[in-house]
Amino acid sequence: MSLLEIENLRVTFETETGPVQAVRGVSFGLGRERLGIVGESGSGKTITGRSVLRLIRPPGRIEADRMVFDGIDLTTASEKQMRALRGPRLAMVMQDPKYSLNPVMRVGAQLMEGLLRRDRLGRAEARKKAIAALEAVQIRDPERVMEAWPHELSGGMGQRVMIAMMLIPEPDLLIADEPTSALDVTVQAEVMAILDNLVRERGMGLIFISHDLRLVAQFCDRVLVMYHGRIVEELAAGDLMNARHPYTQGLLNCLPKIGGSREPLPGLDRTGDWANV
Amino acid sequence: MSDFIEIDNLSVTFAAKGRQVQAVKNVSLSVGAKESFGLVGESGSGKSTILRAICGLAPISGGEIRIAGEKLTEKRAKNFVTRVQMVFQDPYASLHPRHTIDRTLSEPLAIHGIGNSDARVVRALEDVGLPSSFRFRYPHQLSGGQRQRVAIARALMLEPEILLLDEPTSALDASVQAEVLNLLNRLRDEHGLTFLMVSHDLAVIDHMCDRILVMQHGGAVEELARADLASANMKTDYARSLFAASANRMLETPPKETA
Amino acid sequence: MTQSLFQWLSDPSPSSRAQARLGQAWLAWLRLKRNHLAMLGLAIIVLLCAMAAFAPLFATHDPFVQNLAQRLLPPGTPGHWLGTDDFGRDIWSRIVYGARITLYIVALVAVTAPVIGLLIGTVAGYFGGIVDTVLMRITDIFLAFPRLILALALVAVLGPGIVNAVLAIALTAWPPYARVARAETLTVRNSDYIAAVRLQGAGAGRIIWGHVMPMCLPSVIIRVTLDMAGVILIAAGLGFLGLGVQPPLPEWGLMISSGRKFLFEQWWVATMPGLAIFAVSLGFNLLGDGLRDVLDPRSASR
């Protein structure tokens with residue numbers, strides 16, 4: 001069963017110099033699986049992720065032939081319906097926890113806010129649920145973290161709190177936009193493992209947006225490679241090394257490798273026909 | 001002694017709101033002339049602070065730093081700036097947003113009263129592979145990679161011998177990173193530069209540096225030669241865990257690439 | 001011809017310093033032009049400048065000539081469309097000539113107070129420590145006094161007159177600019193581009209002048225245009241209290257003051273200059289709001 005289906009998604013921004021298409025006809029379907037979207041900055045991967053939640057502000061404009069989430073047409077849903085979807089059913093984790101947590105609210109209060117207001121739980125029960133969520137993202141002393149201010153958390157800790165917060169309402173689809181780029185490599189691995197586990201256990205769908213091809217290949221089932229607002233290649237993650245498209249190959253080859261040669265790194269050749277689509 | 005940069009027992013302590021934070025604890029290292037030395041570690045390991053201490057942006061609270069045998073004093077000697085320059089991590093923050101590229105590049109010449117600035121600016125742009133039509137643009141009209149090229153050109157305006165590189169490519173896309181790393185390597189050959197480079201990416205460090213110092217919590221953990229890294233020949237657990245986390249950056253041999 | 005000029009201005013890769021700078025100014029102008037209210041403000045100020053420059057052409061009468069036979073004529077009287085005051089002087093002509101005085105005061109304050117404030121603010125912010133403490137406490141002392149009272153005290157000491165009024169206003173107007181400049185400097189001071197220029201051996205003077213001030217300038221300029229309305233009002237207030245411009249000069253505040261006596265019977269004597277002050281203050285405020293959108297680096301990313 002398909003959780004999310006998108007056909008011919010286009011996002012246009014009106015600028016002084018005329019309309020600019022950031023996403024130019026993207027189609028994909030998603031089941032309860034882990035889908036990676038990879039591309040360089042400006043490829044439209046973040047905007048694609050945000051369009052699913054309809055989080056594009058004017059002068060941006062979202063158009064799609066079909067955008068259906070679990071039977072709900074997202075193109076025609078009212079803003080009120082969208083608000084009801086965001087959070088309980090569709091969740092998003094952003095790149096930098098520093099900007100996603102409210103700096104003047106304790107972590108615990110932020111975690112419990114949704115439970116108290118939306119689910120009308122009692123304080124004690126909300127607190128229990130919040131602590132359980134923190135434990136689920138492997139925070140060792142959740143009691144202390146509940147009382148902490150966001151600035152007292154390290155980057156990895158903050159990102160775990162964000163993930164915990166997003167997972168409390170048990171969404172069906174989680175969109176993670178570069179959730180680990182601001183983190184150190186060892187922390188990155190831990191956070192990815194947590195996400196991976198949660199997706200497996202709860203049977204969520206995951207859209208994992210990243211610029212890091214190798215990371216995506218490691219953690220996802222399927223990978224979409226985006227360039228200039230289009231999907232240029234779709235691959236099973238295991239086949240990444242056999243990528244056909246010159247852009248995907250170029251992305252892979254231009255990375256330095258431990259123990260690799262000291263020859264100049266091959267640059268990405270953008271002169272092929274594919275670059276001018 | 002042929003060592004060009006010598007750091008002996010360096011400590012850096014910041015006083016923040018009555019608390020003392022020791023960012024670097026008794027770190028020693030030495031870099032030979034025209035060598036390329038890498039500092040690796042996670043955020044908060046003090047690797048960038050060492051670079052900032054060398055160029056006077058962080059206080060030296062213990063130990064000493066010698067460049068070509070001369071001890072650095074509290075007030076840097078006059079020739080220091082023509083000897084050591086730095087390239088910063090974020091090319092969006094390291095160029096003055098209201099100065100044209102021309103102004104940014106000619107400023108060091110103006111400070112030191114070096115004439116012939118027009119020709120020098122044009123040559124510097126050429127050197128880093130930017131067309132001269134970029135000369136009067138503003139930073140916001142440039143892409144990240146182009147800005148970092150400008151930042152490199154600026155660091156080279158005074159013809160220094162040492163370039164301190166603070167994560168010069170971590171804010172850039174992979175393909176742009178490759179271009180900038182190639183540029184840095186070419187410039188090192190052409191100008192006979194000594195690099196002291198900070199990065200969290202072991203693959204980048206491996207590609208650029210001959211020797212590597214692994215750091216954690218402000219202290220030195222282990223020094224590795226490049227061969228040790230590729231063969232995973234580490235002595236300490238921390239260095240090994242860092243290496244393991246970067247395992248997907250190892251040299252793979254995809255069928256297409258075996259050439 | 002104009003087409004090629006526009007192309008030259010919007011060329012993405014300018015070939016000279018002047019072209020780059022003009023190109024940026026051109027872009028800023030295009031952005032300002034989209035804001036209709038700001039354009040209205042600009043029109044009011046341009047009109048004020050034109051009135052001041054060509055006062056003899058706009059005025060219908062000599063602003064100083066008294067005609068007691070025609071005193072306190074209501075607006076709409078043939079020959080005196082805004083009426084006359086208690087000495088029979090034409091109010092329209094006096095407002096036109098008064099624009100010169102208003103502009104003179106505004107211009108003098110605009111070139112003194114922000115410069116003092118900018119200097120003190122950037123120096124305090126850049127050096128920090130004891131310099132910051134001393135300079136900012138002085139600023140606090142000036143800020144603690146109500147502006148009009150301080151200006152009154154200064155004029156009382158220096159004696160009334162237009163130059164002393166300007167001096168008093170400038171001396172009371174600089175602290176907010178110093179605060180704005182210091183706040184801006186604190187955010188700029190630790191940025192990488194300042195570190196980079198320090199690494200190149202630049203001295204404090206060069207850094208403050210060439211690198212910190214350009215970043216503070218937009219917020220100060222915006223503040224200046226927004227404050228101009230206040231400056232006009234204080235000048236008018238001083239005139240009203242008889243401590244600024246002296247009669248018979250046609251200063252707007254002074255004119256209101258003299259009309260106060262017949263506010264209920266001959267309302268136009270005080271109302272007409274009041275409307276002039278209102279219009280000009282509005283003009284500066286609208287322009288300031290528009291400039292904020294154009295110059296503020298934080299909003300420029302759009």
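Taken in sequence, the protein lines are chains A, B and C.
Note that the first sequence covers residues 1 to 277 in UniProt numbering.
Note that the second sequence covers residues 1 to 259 in UniProt numbering.
Note that the third sequence covers residues 1 to 302 in UniProt numbering.
Every residue gets a Cβ at the ideal spot worked out from N, C-alpha and C, and that includes glycine.
Beta-carbon neighbours of residue i, restricted to chain C and to distances below 9 Å
{"i": "B/F134", "result": "S13"}
{"i": "B/F14", "result": "Residues of chain C passing the Cβ test: none, with the nearest at roughly 13 Å."}
Chain C within 8 Å of residue i, Cβ atoms only
{"i": "residue 261 of chain B", "result": "No answer is possible for residue 261 of chain B: the residues shown for chain B start at 1 and end at 259."}
{"i": "B/P108", "result": "yes"}
{"i": "residue 263 of chain B", "result": "In this structure chain B extends from 1 to 259, so residue 263 of chain B is not present and cannot be described."}
{"i": "B/N233", "result": "no"}
{"i": "B/M197", "result": "no"}
{"i": "B/R149", "result": "no"}
{"i": "B/Y138", "result": "yes"}
{"i": "B/M86", "result": "yes"}
{"i": "B/Q141", "result": "yes"}
{"i": "B/T73", "result": "no"}
Rounded C-alpha distance that separates residue i from residue j
{"i": "C/L295", "j": "B/L29", "result": "47 Å"}
{"i": "C/G88", "j": "C/L254", "result": "16 Å"}
{"i": "A/L235", "j": "A/A176", "result": "19 Å"}
{"i": "C/W8", "j": "B/S132", "result": "17 Å"}
{"i": "A/E7", "j": "A/M82", "result": "19 Å"}
{"i": "C/D192", "j": "B/S45", "result": "20 Å"}
{"i": "C/T185", "j": "B/A53", "result": "23 Å"}
{"i": "C/S299", "j": "B/E222", "result": "Low local confidence applies: a pLDDT of 48 at C/S299 is under 50, so the model's placement there is unreliable, and no value is given."}
{"i": "A/I168", "j": "A/V225", "result": "30 Å"}
{"i": "residue 317 of chain B", "j": "B/V198", "result": "Since the displayed chain B opens at 1 and closes at 259, residue 317 of chain B lies outside it and no answer follows."}
{"i": "C/D86", "j": "C/N285", "result": "32 Å"}
{"i": "A/E63", "j": "A/V11", "result": "6 Å"}
{"i": "B/T73", "j": "B/L51", "result": "15 Å"}
{"i": "B/G43", "j": "B/H200", "result": "Strictly speaking, residue 43 of chain B in this sequence is Ser, with Gly absent from that position. Straight-line Cα distance between these residues: approximately 8 Å."}
{"i": "A/R262", "j": "B/R186", "result": "12 Å"}
{"i": "A/W149", "j": "A/R106", "result": "5 Å"}
{"i": "A/M112", "j": "A/K128", "result": "9 Å"}
{"i": "A/P264", "j": "A/L74", "result": "47 Å"}
{"i": "C/S301", "j": "C/S13", "result": "The predicted position of C/S301 is uncertain, since its pLDDT is 42 and thus under 50; a value taken from the coordinates is nonetheless stated next. Their backbone Cα atoms lie some 19 Å apart in a straight line."}
Minimum Cβ-Cβ distance from residue i to chain A less than 8 Å
{"i": "B/N185", "result": "yes"}
{"i": "B/A93", "result": "no"}
{"i": "B/S241", "result": "yes"}
{"i": "B/S43", "result": "yes"}
{"i": "B/E257", "result": "Bear in mind that a pLDDT of 35 at B/E257, under 50, signals an unreliable position, so the model cannot answer this."}
{"i": "B/R19", "result": "no"}
{"i": "B/V204", "result": "yes"}
Contact set between residue i and chain B, taken where Cβ atoms lie within less than 9 Å
{"i": "A/E40", "result": "D173, A174, S175, V176"}
Chain A residues whose Cβ lies nearer than 8 Å to that of residue i
{"i": "B/N182", "result": "P264, L265, G267"}
{"i": "B/S246", "result": "V185, I258"}
Check: residue i C-beta below 7 Å from any heavy atom of the ligand MN
{"i": "A/L255", "result": "The ligand content of the structure shown is nil, which means the ligand MN is not present either."}
Neighbour list for residue i in chain A, Cβ cutoff strictly below 9 Å
{"i": "B/E230", "result": "Checking the displayed sequence, the identity of residue 230 of chain B turns out to be Ala instead of Glu. Neighbours of B/A230 on chain A, chain order: I258, G259, G260."}
Proximity test, Cβ basis, 8 Å: residue i and chain B
{"i": "A/L251", "result": "yes"}
{"i": "A/L255", "result": "yes"}
{"i": "A/A189", "result": "yes"}
{"i": "A/G155", "result": "yes"}
{"i": "A/H245", "result": "no"}
{"i": "C/L199", "result": "yes"}
{"i": "C/A20", "result": "yes"}
Proximal chain B residues relative to residue i, where beta-carbon distance stays under 7 Å
{"i": "A/A91", "result": "What A/A91 touches in chain B: nothing, since even the nearest Cβ is about 26 Å away."}
{"i": "C/Y104", "result": "Correct list: empty, because the minimum Cβ distance to chain B is about 31 Å."}
Neighbour list for residue i in chain B, Cβ cutoff strictly below 8 Å
{"i": "A/H211", "result": "D173, A174"}
- request: Within the region 135-179 of chain B, note down every full beta strand (DSSP E) run reaching 3 residues or more, in order along the chain.
  value: Taking only runs of at least 3 residues, the beta strand (DSSP E) segments lying wholly in the region 135-179 of chain B are 162-166.
field: Sufficient close CB pairs (3 or more, under 8 Å) joining the region 47-58 of chain C to the region 97-107 of chain C
entry: yes
message: What ranges does the beta strand (DSSP E) occupy inside the region 54-79 of chain B, keeping only unbroken runs of at least 3 residues that lie completely in it?
response: If only complete runs of 3 or more residues are kept, the region 54-79 of chain B shows the beta strand (DSSP E) at 62-67, in order along the chain.
Stretch-stretch touch, CB-based, cutoff 8 Å, three pairs: the region 108-127 of chain C with the region 255-270 of chain C: no
- request: Please go through the region 148-179 of chain A and give each complete alpha helix (DSSP H) segment of 4 or more residues, from N-terminal end onward.
  value: Complete alpha helix (DSSP H) runs here, min 4: 155-167.
message: Pairs of beta-carbons, one from the region 150-162 of chain A and one from the region 93-113 of chain A, closer than 8 Å: are there three or more?
response: yes
message: Pairs of beta-carbons, one from the region 120-130 of chain A and one from the region 204-212 of chain A, closer than 8 Å: are there three or more?
response: no
- request: Could you say if the region 140-155 of chain C and the region 232-247 of chain C meet the contact criterion of at least three C-beta pairs nearer than 8 Å?
  value: yes
field: 4-residue-minimum alpha helix (DSSP H) runs that sit fully inside the region 58-118 of chain A, ordered along the chain
entry: 79-85, 97-100, 107-117
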